[in-house]
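> Before anything else, here's the structure in question.
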Amino acid sequence: MNRGACIALILFSLSYYACAQSGLIITGKILDGDELHPVPGAEIILNEKSVGTLSDAYGNFRLDGLSSGTITLTVRHIGYKVLRKKVELADENIEYLTLLLTPDIKTLSEFVLTDKAPGRSRIPGKAIPVSRMSPLTDGTVQHDLGDYMRNAANISGIRKGAIGIDPVIRGFKYSQLNVQINGGHKIEGGCPNRMDPATSHVEMEDLESVSVIKGPYALRFGPSLGGVISLETHIPVTASDFYTSVHTLLGYESNWNGFREHLRVTAGGRGYFLSITGGRKEYDDYNAGTGDLIPSSFTRYNFKLQAGALLSDHQKLVLSAEEQNGYHVAFPALPMDERRDHTRLASMDYSYLPEEGRIRSIIAKAYYSVINHLMDNKERPSSDTVTAVSEIDAVNRGVRMEASLHAGQGNLTLGVDIENILKDGQRTKSMILQPALPVKRESLWNRGVIVNTGFFTDYSLMLGSYEVTLAARLDINHAESGALEVFGGNQQELYRFGKDSIRSDFLNFSVSAGVHRMLNEYVSFSLALGRGVRSPDMTERFIILLPIGYDPFDYLGNPALKPETNNQIDIGLKYQQPQWGEAGLTCFYSLVENFITGQIIPPSVQKPLSKDVVGVKKFHNGGLARLRGFEMEYTSPGSLLISGGIRASFTYGTIAEAVQYTTDGQGDPTGQEVIANDALSEIPPFEASGFIQGNIAGGKLKPKISCRLVAPQNHVSEVQYEKKTPGFIVANIAFIARLNGHIEINGGVNNLFDASYYEHLNRNIIGSELPLYEPGRVFYINLVFSL
Amino acid sequence: MTVIHHMKTLIILNMIIILAAMLGCTRYDEKLAVEYSISKSYSDVNVQFRDGDGVLRDTIIHLQSIEDQWQYHFEARRGDIVYVSAIYFDSSSTVTAGILLEGKLFKQGSSNKEPGKYVTVSGTVPY
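Protein sequence lines, in the order shown, are assigned to chains A and B.
Taking the numbering used here as reference, the numbering of the first sequence is continuous, increasing by one, and the terminal residue is 1302.
Taking the numbering used here as reference, the numbering of the second sequence is continuous, increasing by one, and the terminal residue is 129.
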């Protein structure tokens, strides 16, 4: 079936469906107005009578059998101000509402800092700096989560191709960030070059919210060094009567001729739901602002099944299974392209939310992710002589359980989590121009295993006007691998790490504390202190000679690495006034001990094995690194006819003593050179952005103009041979039009003036000094149906 | 109410079919016709080639005249390695080895009076 026929059939079906319905329904979601997380257990009352319903564990609600006319909804929840909203019910038979509750400061002493949405809220407390994004409602629809996250303050990304942009938060990246889906599901990407970071395994169209908890403070969801990226995908709800719903998205982006299709069909009823979701993306290469065509095409499919059941009034079970496939994903900055990525994800969530008693909630989760990743150089010139194919299997499975209790004046959470990562991979090189077609096989990982068992607790309470949060975590980390060895064509041993040393065990203790205080009615102050420890990851420990950094070096793992520790302080000031909007300033200082980085080793010790690389680097603990910076933001009230906002952020990173070998003409070491306070590599420069948005026809039409200014980055690492990058300015325009309760159209133009630019963190085109430019002007439009 | 119920069921089935169709649209398993050819030789030629199952095979052929040609046909997926190599030991002979994809010349190599030298043509079937 071709795409046109698919779209026509969908449109026909939806219009038919819309005409066929009768009876009036209101459905929607209750969210915390400050933190945008769902509010469970809120009362939704109709016309001030006793008729109504409660929002479920995910904040969703549904009212059926309503008559036309004006009705008043009253929403109540302890800890929030009462919300009253008038709704006109006319010819539309389903109305979808998103209702934001404003926290009631006066009643907070009883409930604040408790988990308002057990099992769903990931925000550890108001003292902790958090960036929140809601892709479903902001209209800036992107096809890659890493790309989308670059819209937030002090979050940037490493671009190696069209997708799989790797998030960098305040200079922290990779395993320094803890990425988790729906409260604990973790994914270990298959690619050693990070073509598929964990964030690339979440479909944007399925994503409801993104919360970035900055710093080593949130310890409930695994070891946290630089921050936690908490992703919430759509989970359907149960209802008092049988219902069905359909959600579709059809999107097009010019420049790279990209099509997106997403479809979700849900059915539910008293105590159960079932949903089927599927999607497809097909994108060609894009033109940069320079006019150059950048190889960046990709194809992705996904298919997901979810089922849920209420086991009792207070117990819920949700099962989820998903399959994702990526094909022919071009990565011009890497030595290979992704030929095929086959990912399977499964999870089981159990929640027990009693209404009274000492226990507030018990939450358990089990998850499993398995990735088969295949990449090759078959579309690169080098394949004319040597065809290289790498296949990697990565498995991540784990369980976690936590209990939340009323304890004294506060709330106590206790829990345990276990994560088990397995990775194995091999590169096959076929010398296709040599007689007899010799084939050579090299391990990339040799059955590497990491098991991390963590015990965590946090406690939050009100002490007078202070909100206090305390958290601690103990991790028992074990890792081992098969021998790290490389053989030449004649079975000559090229590299071997001592077999007895390929095992390591660590006991890591992390702790954090935060305090938040309202200085007056509008101004609040927050302070957070934390010490987060993380063990080295699979790549840092066990990778065997592969170019994985931004630089043209083969990297070697180091099983003797010590854990990395981040000691950080955050100080924040916030002003919130309903008439004037919201302004905030957060400053941070971070001291990282045993900072893990690559160090050049002389060619006489180890020569590189990959094409287009100039040497070998081995991971080592590079001593003390310092990161400091700020984020500031102002946003006017969104209810104004014209609203706007500005934002600025900056991070500055140095390493106390950066070491590199000096060598003679033969590549033999002659000594070592120490550079004091060298810049940390891959730190984004200062940037500022602003937007103006209209609010026309009661919010049904929202045009928006935005602009982003990025300064040059001249503070670059000497030891890592990092290059300076120029600054740039990019402007975008966008609109969201909500035609009725069922149809939304959003669109716009990204890079309005077709600027030729690249981010500091974009990698170079492999084997060249050319940077990977961002896309030029892109027109996009998305059609969203919800029935 | 019954009509609406049936309609909903119909719509949902419709959606599931569309979903399956969307996910089923893939061209990556497409197979292409591959032909190896050895020609322009007067003598015995040792030929080594990679077949459709990825197995390396050897054969000795004897071409009767310069117009004579040895061919081997199979089907390959995009990205598969195609490889044919030829060697002769008659000092006055020649050989030309070629790979055709869907009837069009993909790669070709030849040698003229160079006994004992391999002529190897190879590559991967383009995506």
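Cβ atoms here follow ideal geometry from the backbone N, Cα and C, with glycine treated the same way.
Counting only the same chain and skipping the five closest in sequence on each side, list residues whose C-beta sits under 6 Å from that of B:Trp137.
Shown here, chain B extends from 3 to 129; a query on residue 137 of chain B therefore has no answer.
> Specify the secondary structure class of A:Phe1057 as computed by DSSP and reduced to three states.
Residue mapping note: residue 1057 of chain A aligns to position 542 of the first sequence, counting from 1. Three-state DSSP puts A:Phe1057 in a helix.
> Using the beta-carbon count (16 or more within 10 Å), is B:Ile68 buried or exposed?
To locate residue 68 of chain B, count along the second sequence from 1; it is residue 66. Under this definition B:Ile68 is an exposed residue.
> What separation, rounded to the nearest whole angstrom, lies between the Cα atoms of A:Ile620 and A:Phe1268?
For the purposes of this step, residue 620 of chain A is identified with residue 105 of the first sequence, where counting begins at 1. For the purposes of this step, residue 1268 of chain A is identified with residue 753 of the first sequence, where counting begins at 1. The pLDDT assigned to A:Ile620 is 42, lower than 50, so where the model puts this residue is not dependable; a value taken from the coordinates is nonetheless given after this. Answer to the nearest angstrom: the Cα atoms are 46 Å apart.
> Which bits of chain A does B:Gly125 rub up against, with CB to CB less than 8 Å?
Against the second sequence, residue 125 of chain B aligns to sequence position 123. Neighbours of B:Gly125 in chain A, taken as residues at a C-beta separation under 8 Å, are given in chain order as Ser898, Asp899, Ile947.
> Of all Cβ atoms in chain A, is any one closer than 8 Å to the Cβ of B:Arg52?
Position 50 of the second sequence, counting from 1, holds the residue named residue 52 of chain B. Output row for B:Arg52: interface = yes.
> State buried or exposed for A:Gly519, treating a residue as buried only when at least 16 other CB atoms are found within 10 Å of its CB.
Residue numbering aside, residue 519 of chain A sits at position 4 when the first sequence is read from its first letter. The predicted position of A:Gly519 is uncertain, since its pLDDT is 49 and thus under 50; a value taken from the coordinates is nonetheless stated next. A:Gly519 is exposed by the Cβ-count criterion.
> Consult DSSP for A:Leu820 and reduce its assignment to one of helix, strand or coil.
One-based indexing of the first sequence puts residue 820 of chain A at position 305. The answer is strand: DSSP assigns A:Leu820 an E or B state.
> Can you confirm whether B:Gly100, when its beta carbon is compared against all beta carbons of chain A, has any partner nearer than 8 Å?
In the second sequence, residue 100 of chain B corresponds to position 98, counting from 1. For B:Gly100, no Cβ of chain A is located within less than 8 Å of the residue's own Cβ.
> Hey, B:Ala78 and B:Val36 are a contact pair by Cβ (cut 8 Å); roughly how many whole angstroms apart?
For the purposes of this step, residue 78 of chain B is taken as residue 76 along the second sequence, with counting starting at 1. For the purposes of this step, residue 36 of chain B is taken as residue 34 along the second sequence, with counting starting at 1. With 8 Å as the limit, B:Ala78 and B:Val36 qualify as a contact, their Cβ atoms being about 5 Å apart.
> Do A:Leu920 and A:Ile965 have their C-beta atoms closer together than 8 Å?
Against the first sequence, residue 920 of chain A aligns to sequence position 405. Against the first sequence, residue 965 of chain A aligns to sequence position 450. Their beta carbons are not under 8 Å apart, which means A:Leu920 does not touch A:Ile965 by this criterion.
> Near A:Phe1021, what residues of its chain come up, given a Cβ to Cβ distance below 7 Å and the 5 sequence neighbours on each side ignored?
Numbered from its first residue, the first sequence carries residue 1021 of chain A at position 506. Result list for A:Phe1021: Asn992, Ser1050, Pro1078, in chain order.
> Does the beta carbon of A:Ala951 come closer than 8 Å to any beta carbon on chain B?
On the first sequence, residue 951 of chain A is found 436 positions in, with the first residue counted as 1. Cβ-Cβ to chain B under 8 Å: yes for A:Ala951.
> A:Gln1032 bridges to which residues according to DSSP?
In the first sequence, counting from the first residue as 1, residue 1032 of chain A sits at position 517. First, the residue type needs correcting, since residue 1032 of chain A is Arg and not Gln in the sequence shown. Its beta-bridge partners are A:Tyr981, A:Phe1040.
> Count the other CB atoms, across all protein chains shown, that sit within 10 Å of the CB of B:Phe51; report buried if there are 16 or more and exposed otherwise.
Counting from 1 along the second sequence, the entry for residue 51 of chain B is found at position 49. Around the CB of B:Phe51, 16 or more other CB atoms lie within 10 Å, so the residue is classed as buried.
> Would you tell me roughly how many angstroms separate the C-alpha atoms of A:Gly679 and A:Val597, rounded to the nearest one?
Position 164 of the first sequence, counted from the start, is the residue given in the question as residue 679 of chain A. Position 82 of the first sequence, counted from the start, is the residue given in the question as residue 597 of chain A. Roughly 43 Å between the two C-alpha positions.
> Measuring alpha carbon to alpha carbon, tell me which of A:Tyr798, A:Gly1186, A:Gly661 ends up nearest A:Phe774.
In the first sequence, counting from the first residue as 1, residue 774 of chain A sits at position 259. Checking every option, the nearest Cα to that of A:Phe774 belongs to A:Tyr798.
> Just mark A:Thr1185 as buried or exposed, buried being the case when its beta carbon has 16 or more other beta carbons within 10 Å.
Taking the first residue of the first sequence as position 1, residue 1185 of chain A is located at position 670. A:Thr1185 should be labelled exposed.
> Report back the beta-carbon spacing between A:Gly794 and A:Glu776 to the nearest angstrom; my notes put them in contact at under 8 Å.
Position 279 of the first sequence, counted from the first residue, corresponds to residue 794 of chain A. Position 261 of the first sequence, counted from the first residue, corresponds to residue 776 of chain A. Sure, about 6 Å apart at Cβ, within 8 Å.
> Using a Cβ-Cβ cut-off of less than 7 Å, give me the residues of the region 844-858 of chain A that come near chain B, in sequence order.
Arg854
> Leaving out five residues on either side along the sequence, give the residues of the same chain with a beta carbon under 8 Å from the beta carbon of A:Ser1154.
Start at 1 with the first residue of the first sequence, and residue 1154 of chain A comes out as number 639. Result list for A:Ser1154: Asn1210, in chain order.
> Leaving out five residues on either side along the sequence, give the residues of the same chain with a beta carbon under 6 Å from the beta carbon of A:Arg1018.
Numbered from 1 along the first sequence, position 503 holds the residue referred to as residue 1018 of chain A. Closer than 6 Å at the Cβ level, and outside the excluded window around A:Arg1018, lie Glu995.
> Is A:Glu957 close to chain B, meaning its C-beta is less than 8 Å from at least one C-beta of that chain?
What you label residue 957 of chain A is simply residue 442 of the first sequence in a count that begins at 1. Not one chain B Cβ lies under 8 Å of A:Glu957.
> Can you give the Cα-Cα distance for A:Glu723 and B:Phe76, rounded to whole angstroms?
One-based indexing of the first sequence puts residue 723 of chain A at position 208. One-based indexing of the second sequence puts residue 76 of chain B at position 74. Near 49 Å, if we compare the C-alpha coordinates of B:Phe76 and A:Glu723.
> Which residues of the region 59-83 of chain B have a Cβ closer than 7 Å to any Cβ of chain A? Give them in chain order.
Gly81, Ile83
> For the 8 Å Cβ check, are there 3 or more pairs between the region 898-910 of chain A and the region 871-889 of chain A?
yes
> Run through DSSP, which three-state label would A:Asp807 get?
Here residue 807 of chain A refers to the residue found at position 292 of the first sequence. Of the three classes helix, strand and coil, the one that applies to A:Asp807 here is coil, per DSSP.
> With three or more C-beta pairs closer than 8 Å as the rule, is the region 1152-1171 of chain A touching the region 658-676 of chain A?
The region 658-676 of chain A vs the region 1152-1171 of chain A: in contact.
> Grouping DSSP H, G and I as helix and E and B as strand, with all else coil, what is A:Leu898?
Taking the first residue of the first sequence as position 1, residue 898 of chain A is located at position 383. Here residue 898 of chain A is Ser; the residue named in the question, Leu, does not match the sequence. Helix, per DSSP.
> Could you check where the alpha helix (DSSP H) with A:Tyr1176 kicks off and where it finishes?
Within the first sequence, the letter at position 661 stands for residue 1176 of chain A. It is not in any alpha helix (DSSP H) - A:Tyr1176 instead sits in the beta strand (DSSP E) that spans 1157-1178.
> Can you list, in chain order, the residues of its chain whose CB lies under 8 Å from that of A:Leu952, leaving out five sequence neighbours each side?
What you label residue 952 of chain A is simply residue 437 of the first sequence in a count that begins at 1. Non-local beta-carbon contacts of A:Leu952 in its own chain, meaning distances under 8 Å to residues more than five positions away in sequence, involve Ser945, Met946 in chain order.
> Indicate the three-state DSSP secondary structure (helix, strand or coil) for A:Ser1125 in the structure shown.
The count along the first sequence starts at 1 and reaches residue 1125 of chain A at position 610. Three-state DSSP puts A:Ser1125 in coil, outside helix and strand.
> So, does the CB of B:Ser87 fall closer than 8 Å to a CB anywhere in chain A?
One-based indexing of the second sequence puts residue 87 of chain B at position 85. Yes - at least one Cβ of chain A is within 8 Å of the one on B:Ser87.
> So, does the CB of A:Lys819 fall closer than 8 Å to a CB anywhere in chain B?
Your numbering for residue 819 of chain A matches position 304 in the first sequence. No, no contact with chain B.
> I need the straight-line Cα distance from A:Arg674 to A:Leu660, nearest angstrom please.
Within the first sequence, numbered from 1, the residue matching residue 674 of chain A stands at position 159. Within the first sequence, numbered from 1, the residue matching residue 660 of chain A stands at position 145. Whole-angstrom Cα-Cα distance: 12 Å.
> Rounding to the nearest angstrom, what Cα-Cα distance links A:Met851 and A:Gly705 in this structure?
Your numbering for residue 851 of chain A matches position 336 in the first sequence. Your numbering for residue 705 of chain A matches position 190 in the first sequence. Going by the C-alpha atoms only, they are around 14 Å apart.
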